[in-house]
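Residue numbers (my numbering): 4 to 586.
Yeah, the Cβ is synthetic: ideal placement off N, Cα and C, and Gly gets one too.
Okay, structure coming up:
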């Protein structure tokens with residue numbers, strides 16, 4: 004067993020979606036050499052680790068989350084030699100590497116699945132969940148259960164020429180693995196060890212808490228449940244056992260970090276997954292705050308932004324897990340729309356203020372920050388012209404569903420355009436040249452966001468005239484650069500143990516405009532306050548702070564210590580970090 008250093012507790016993770024980061028060979032697809040060319044940019048931001056969405060060989064039905072070979076690199080991204088150089092270049096800069104572990108399912112192009120279908124007696128048949136269909140009252144063959152896929156439609160696909168079906172909780176091209184088979188578990192532990200031996204430092208586990216199913220498989224008889232079957236595959240009976248086995252056979256042998264993408268986990272299970280005594284995962288993502296502007300957790304159904312729900316999702320894990328596990332802090336990823344285009348924000352008017360406000364209220368909390376590519380320059384949602392510009396299979400599955408429900412196409416398109424995962428996947432915007440500097444002019448795999456001429460790295464950096472290069476220096480002036488603001492914020496966070504390890508105390512959880520909490524460590528305290536609205540908000544200082552003991556350590560709007568008052572009149576999207584100096 005390796006000595007675990009818990010390096011993730013003071014880490015900052017930067018997520019890269021490889022298809023869209025940097026295209027070095029001008030074929031329209033981002034690649035590993037392109038990523039290597041931008042490592043200094045990531046290092047300078049203040050990141051200490053990079054999580055790569057899947058780099059593996061894949062037919063890209065779900066753009067890498069359908070893996071055909073767990074131990075190879077997709078040729079469009081480069082070679083294994085390119086990957087080895089990526090590892091070396093990252094480590095040379097002190098950047099850790101995290102890979103995506105997509106273990107609930109494979110691609111239907113994976114050799115295991117092909118062998119399973121080719122021969123009923125193949126040992127690979129039991130690598131998947133294959134069952135005989137059944138007859139309905141009219142004698143028609145129907146799937147083994149009534150479960151539905153997360154990507155809409157039935158969760159079962161009939162095997163051609165047979166009465167059998169295979170389970171796919173996502174796309175039909177993503178057959179679920181049978182984790183009851185010990186050989187599958189051995190294979191997955193082997194995959195982890197393969198990459199760890201190559202120098203990988205950690206993993207993000209994709210929809211990890213769906214791998215254990217309830218047997219025998221059965222119908223979901225709840226007539227009100229939109230997605231049928233979830234009680235029988237979320238937080239299943241052997242989840243903890245399976246995670247502990249992966250830990251024993253692979254993860255514990257290295258100094259690793261793991262984070263799990265959890266699908267609506269039960270609170271008790273969620274706590275067990277990350278409890279430091281459990282030997283399962285180090286952290287999970289909690290996305291409740293990212294459902295605060297959509298109904299029932301369905302991204303395509305917008306609702307008025309609910310700040311109390313946002314606060315509950317952001318703050319509650321900090322209150323629950325402190326002292327027994329670890330937390331994550333996240334605003335965006337490859338599955339979420341851009342944060343400055345959400346939550347009722349008037350992006351045209353307040354893009355800079357909102358981007359810096361969101362960074363402060365989120366990343367000054369307790370946990371490991373995760374920053375998604377482009378978030379650090381305030382990239383926005385894309386104004387897609389038509390559904391043809393949207394590549395995500397989920398987008399198209401939902402369009403098909405709306406057609407079946409006879410929802411007018413214009414209404415469906417309007418619903419999807421603001422919520423689609425495609426918004427996060429447009430190419431990174433480096434400068435104002437053709438294709439935003441993503442490549443030398445070849446048509447990108449995904450359309451460009453047309454605002455790249457004004458919103459890009461080069462333009463953002465030009466908004467700061469600072470001559471001081473160290474963001475930890477008090478003289479470092481971000482100006483109106485979001486990237487520079489992130490640098491200063493992350494440097495400040497790194498310099499203060501209270502902001503890294505302190506516990507969180509929330510104030511006014513029911514306030515509909517202001518988010519506020521303190522961070523406490525020993526006798527040191529900070530107070531974070533933010534006006535989450537486009538109009539002025541009044542904030543009453545909590546009674547356990549003395550005004551003459553508070554100084555402003557950082558803010559995204561012009562404000563001085565002389566303006567610290569018992570009732571703070573806060574500007575739209577103003578965020579303030581107060582430091583307490585006991586007299």
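Return the first residue and the last residue of the alpha helix (DSSP H) that residue i is part of.
i           : result
residue 251 : 242-252
residue 404 : 396-407
residue 84  : 83-95
residue 185 : 185-200
residue 177 : Taken as a continuous stretch (DSSP letters only), residue 177 belongs to no alpha helix (DSSP H), as it is neither H nor E.
residue 35  : 35-39
residue 501 : 500-504
Which partner residues of residue i appear in the DSSP bridge assignment?
i           : result
residue 428 : Residue 428 is not bridged to any residue.
residue 333 : 373
residue 519 : 510, 532
residue 361 : Note: residue 361 sits in no beta bridge, so no partner.
residue 205 : 101, 260
residue 59  : 76
residue 325 : Per DSSP, none; premise fails for residue 325.
Between which two residues does the beta strand (DSSP E) carrying residue i extend?
i           : result
residue 103 : 99-104
residue 229 : Unbroken run through residue 229: none, as it is neither H nor E.
residue 154 : Neither: residue 154 is in no beta strand (DSSP E) and is coded neither H nor E.
residue 272 : Residue 272 -> not in any beta strand (DSSP E); alpha helix (DSSP H) instead, spanning 270-277.
residue 73  : 72-76
residue 16  : 16-19
residue 554 : 553-558
If you compare alpha carbons, which of the options is closest to residue i?
i           : options            : result
residue 515 : 309, 426, 407      : 309
residue 291 : 314, 362, 282      : 314
residue 584 : 561, 555, 578, 566 : 555
residue 260 : 563, 528, 5        : 5
residue 27  : 86, 441, 321       : 441
residue 121 : 165, 66, 96, 152   : 165
residue 102 : 65, 49, 184, 209   : 209
residue 544 : 523, 535, 527, 567 : 567
residue 38  : 501, 500, 430, 465 : 430
residue 434 : 380, 561, 518      : 380
residue 609 : 157, 232, 227      : No answer is possible for residue 609: it lies beyond the span of the chain, which begins at 4 and ends at 586.
residue 388 : 374, 451, 116, 363 : 451
residue 109 : 453, 194, 355      : 194
residue 365 : 328, 9, 333        : 333
residue 576 : 519, 104, 553, 551 : 519
residue 307 : 324, 361, 347, 323 : 347
I need the straight-line Cα distance from residue i to residue j, nearest angstrom please.
i           : j           : result
residue 154 : residue 393 : 15 Å
residue 531 : residue 459 : 29 Å
residue 30  : residue 86  : 19 Å
residue 151 : residue 95  : 46 Å
residue 43  : residue 241 : 43 Å
residue 40  : residue 144 : 55 Å
residue 21  : residue 72  : 17 Å
residue 409 : residue 415 : 10 Å
residue 301 : residue 407 : 18 Å
residue 294 : residue 396 : 21 Å
residue 181 : residue 74  : 20 Å
residue 286 : residue 267 : 15 Å
residue 67  : residue 58  : 7 Å
residue 588 : residue 24  : A question about residue 588 goes unanswered here, because the residues of the chain that appear run from 4 up to 586.
residue 1   : residue 105 : The shown model of the chain, from 4 to 586, leaves out residue 1, and the question about it has no answer.
residue 382 : residue 359 : 12 Å
residue 187 : residue 53  : 28 Å
How would you call residue i, buried or exposed, if buried means at least 16 neighbouring beta carbons within 10 angstroms?
i           : result
residue 498 : exposed
residue 218 : exposed
residue 536 : buried
residue 496 : buried
residue 76  : buried
residue 171 : buried
residue 491 : buried
residue 299 : exposed
residue 296 : buried
residue 541 : exposed
residue 263 : buried
residue 588 : The chain is shown from 4 up to 586; residue 588 falls before or after that span and cannot be answered.
residue 9   : exposed
residue 413 : exposed
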